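Engineer: One structure is given below, represented as structure tokens, and several questions about it will come after.
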Amino acid sequence: MDGVSTLTDLSQKVASFGFHSVIQVLRHPTFAALFSAQVVALLGTGLLTVALGLLAYDLAEGRAGAVLGTALTIKMVAYVGLSPVAQALVQYLPRRVVLVTADLIRAGVALCLPFVTEIWQIYALIFVLQAASATFTPAFQAAIPDILPDEAEYTRALSLSRLAYDIENLASPALAGLLLTVMSYNWLFLGTVAGFVFSALLIWRAQVPSAQGRKTQRPLSERLTRGIRIYLATPRLRGLLALNMAAAATSAFVLVNTVVLVRSFMGGNEKDLALALAAYGAGSMAMALVLPRVLDKVPDRPVMIIGAFGLVGIAVALGLLISAGLTWTWLLIGWAALGALYSAVLTPSGRLLRRSTHAEDRPAVFAAQFALSHACWLITYPLAGWAGVVWGLSSALLVLAAIALVAAVLALRVWPSGTSDVVPHDHPDLPPDHPHLRAHRDRGRHAHFFVVDDEHRVWPTNG
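Quick look at the structure:
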């Protein structure tokens with residue numbers, strides 16, 4: 004256990020280094036309100052997770068794991084399939100109304116869960132709840148760049164958002180455990196309701212800006228695919244998709260197999276399991292606090308690429324250690340390192356999304372990122388569990404590390420170094436009097452900050 008004190012000391016030093024810099028962005032009142040809404044909603048979601056597990060056990064007992072696994076699969080399917088659809092349907096509605104309505108729907112679902120008597124009812128309610136989340140989260144994420152147009156402030160907001168997810172993972176189980184000492188688990192659902200209602204109230208009172216940019220009326224069929232098309236046509240976002248897979252491959256092992264590794268392989272207890280997961284969260288939080296200062300000096304690409312290859316290296320080392328006999332100290336250090344590198348890969352993603360879109364298209368592209376990143380988890384979650392059972396934990400982690408390596412190499416290829424934001428190009432498809440050409444003195448080949456849009460449908464190449 005000597006690794007615990009070392010890990011704690013290191014986390015404290017890193018946190019003190021970055022916390023003051025990150026926390027300054029909360030001086031912006033609208034962002035502070037939205038961040039507070041995010042935190043309370045996440046705490047409510049954490050209580051829901053604990054209560055749902057206990058409800059599944061009451062209804063299914065020995066099949067509770069299968070019930071929860073199915074519920075998680077429904078969650079991912081809703082995220083992947085419904086996020087672009089929901090964004091297309093609500094594109095022209097006021098952003099604040101969309102966010103508040105989604106929160107109230109989630110609160111209504113949580114209010115129904117204590118009265119569930121059949122397993123199929125859990126599945127139906129979880130689908131509705133996650134459909135609302137698939138609407139809420141991309142719209143929420145797309146609002147932050149409009150609130151914080153300065154890139155340095157936006158970077159700190161991304162770090163705080165990463166911290167909020169880590170805090171939820173650490174604080175919600177502890178809060179649930181405390182509440183369960185004085186009440187039954189059904190009351191935890193009311194805590195979830197309170198979290199979503201309070202989130203809705205904070206958002207309603209905040210000055211949430213409407214979506215910026217021109218309001219071109221597009222047919223539903225185009226709105227459904229526009230975000231995905233822009234995403235896949237942009238080199239840095241294709242690289243981001245590959246990096247999403249690298250992060251999901253390694254982190255899925257942590258989230259799925261830590262309980263097996265600690266309880267069965269290492270003979271630990273529930274407190275040891277909590278400590279292992281806390282080490283992963285502490286590493287992620289520490290990196291989120293440091294990243295804003297790093298990204299002030301270093302571009303996104305090298306930070307994210309190094310993080311992805313770091314995930315591969317740590318996963319391979321841990322896979323070999325598991326087969327040789329993993330000690331508790333190395334487990335904590337390895338989990339903290341995986342958490343830190345995961346944060347290094349994904350925290351800057353919002354900067355790439357903002358840089359790659361006009362304000363009008365930002366909600367659609369954030370929805371595309373939400374759907375595509377969860378598609379990676381939809382693949383790696385069951386693979387991590389299945390491989391751990393069939394091949395053993397060591398082999399499972401090495402297989403996932405191999406997938407992460409392929410994804411990281413692919414990111415290098417589809418997002419080349421030196422890719423400039425200002426791209427020379429021409430428009431043989433546009434008439435000479437087109438407003439875009441008139442805006443440039445050279446109406447033939449010209450260069451400007453390049454974003455895929457109606458006038459720029461493909462990324463220029465040297466070919």
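The sequence shown begins at 4 in this note's numbering and counts up one residue at a time. Ideal placement from N, C-alpha and C gives every residue a C-beta, glycine not left out. Just so we're clear, the structure is a prediction, and the values are computed from it rather than from any experiment.
Exposed or buried, which one is R217 when buried takes at least 16 other CB atoms within 10 Å?
Structural biologist: Note that R217 has pLDDT 49, beneath the 50 cutoff, so the model's placement of it is unreliable and the number below is only indicative. It is exposed - the Cβ of R217 has fewer than 16 other Cβ atoms within 10 Å.
Engineer: Alpha carbon to alpha carbon, what distance is there between L335 and G56?
Structural biologist: 26 Å
Engineer: Just to confirm, is the Cβ distance from P37 to A291 under 9 Å?
Structural biologist: The sequence given here has Leu at residue 37, not Pro. Cβ distance not < 9 Å, so L37 and A291 don't count as in contact.
Engineer: Rounded to the nearest angstrom, what separates F312 and N189 at their Cα positions?
Structural biologist: 44 Å
Engineer: By the three-class DSSP mapping on this structure, what secondary structure does V211 have?
Structural biologist: coil
Engineer: Quick one: what does DSSP say D153 is sitting in, helix, strand or coil?
Structural biologist: coil
Engineer: Rounded to the nearest angstrom, how far is the Cβ of G353 from that of L161, given a contact under 8 Å?
Structural biologist: 5 Å
Engineer: List, from N- to C-terminal side, the alpha helix (DSSP H) runs of 4 residues or more that fit wholly inside the stretch 206 to 287.
Structural biologist: Runs of the alpha helix (DSSP H) inside the stretch 206 to 287: 223 to 236 and 238 to 263.
Engineer: For K300, which three-state DSSP category applies?
Structural biologist: The answer is coil: DSSP assigns K300 none of H, G, I, E or B.
Engineer: E363 by DSSP, collapsed to three states: which one?
Structural biologist: helix
Engineer: Please confirm whether T383 and A277 have their CB atoms less than 9 Å apart.
Structural biologist: no
Engineer: Enumerate in chain order the residues of its own chain whose CB-to-CB distance from M4 is below 8 Å, with the five nearest sequence positions on each side excluded.
Structural biologist: Residue placement at M4 cannot be trusted, given a pLDDT of 44 that sits under 50; what the coordinates show is reported in the next sentence. So the list reads W331 and T332, once near-sequence residues are dropped.
Engineer: For H31, does the three-state DSSP call read helix, strand or coil?
Structural biologist: coil
Engineer: Check whether the Cβ atoms of A135 and V103 lie closer than 9 Å to each other.
Structural biologist: no
Engineer: My understanding is that L132 touches R109, with C-beta atoms under 8 Å, so please give their C-beta distance in whole angstroms.
Structural biologist: Distance from L132 to R109 at the Cβ level is roughly 5 Å; contact confirmed, criterion being Cβ atoms closer than 8 Å.
Engineer: Fully enclosed by the stretch 314 to 364, which beta strand (DSSP E) runs are 3 residues long or longer?
Structural biologist: none
Engineer: Our contact map puts F130 next to D106 with C-beta atoms below 8 Å; I'd like the distance itself, whole angstroms only.
Structural biologist: Wrong, their Cβ atoms sit about 17 Å apart, outside the cutoff.
Engineer: Report buried or exposed for A327, applying the criterion of at least 16 other Cβ atoms within 10 angstroms of its Cβ.
Structural biologist: exposed
Engineer: Counting only the same chain and skipping the five closest in sequence on each side, list residues whose C-beta sits under 6 Å from that of A399.
Structural biologist: A390 and G391
Engineer: When you compare each of R226, A370, R241 and P419 to Y95 by their alpha carbons, which one comes out closest?
Structural biologist: Ranking R226, A370, R241 and P419 by CA distance to the CA of Y95 puts R226 first.
Engineer: Quick one: measure Cβ to Cβ for L235 and L355, integer angstroms, because I've assumed they're closer than 8 Å.
Structural biologist: Rounded, the Cβ-Cβ distance is 14 Å, inconsistent with contact.
Engineer: Quick check on the DSSP output: the alpha helix (DSSP H) that includes L96 runs from which residue to which?
Structural biologist: Element bounds for L96: n/a, residue is neither H nor E.
Engineer: Could you have a look at M186 and say whether DSSP puts it in helix, strand or coil?
Structural biologist: coil
Engineer: CA-CA distance, A59 and G180?
Structural biologist: Cα to Cα, the separation comes out at about 17 Å.
Engineer: With a threshold of 8 Å, are at least 3 pairs of Cβ atoms found where one atom belongs to the stretch 338 to 347 and the other to the stretch 405 to 423?
Structural biologist: Not touching, per the Cβ criterion.
Engineer: For the 8 Å Cβ check, are there 3 or more pairs between the stretch 139 to 154 and the stretch 359 to 369?
Structural biologist: As far as the Cβ criterion goes, the stretch 139 to 154 touches the stretch 359 to 369, which means the pair count is three or higher.
Engineer: Put P419 into one of helix, strand or coil per three-state DSSP.
Structural biologist: Reduced to three states, the DSSP call for P419 is coil.
Engineer: Excluding the 5 residues flanking Y126 on each side, which residues of the same chain have their C-beta closer than 8 Å to its C-beta?
Structural biologist: Contacts found: T73, A74 and I77.
Engineer: A289 by DSSP, collapsed to three states: which one?
Structural biologist: Three-state DSSP puts A289 in a helix.
Engineer: Report the rounded CA-to-CA distance for D169 versus H361, giving the unit in angstroms.
Structural biologist: C-alpha separation (whole angstroms): 30 Å.
Engineer: Helix, strand or coil for W380? Go by DSSP, reduced to three states.
Structural biologist: DSSP places W380 in helix when its eight states are reduced to three.
Engineer: Can you list, in chain order, the residues of its chain whose CB lies under 8 Å from that of F192, leaving out five sequence neighbours each side?
Structural biologist: L50, L51, A54, A113, L114, L116 and P117
Engineer: Look at P295 and A167 and say whether their C-beta atoms are less than 9 Å apart.
Structural biologist: no
Engineer: Going by other Cβ atoms of all chains shown within 10 Å of its Cβ, with 16 needed for buried, is E171 buried or exposed?
Structural biologist: buried
Engineer: Where does V196 sit, in a helix, a strand or coil, going by DSSP?
Structural biologist: Three-state DSSP puts V196 in a helix.
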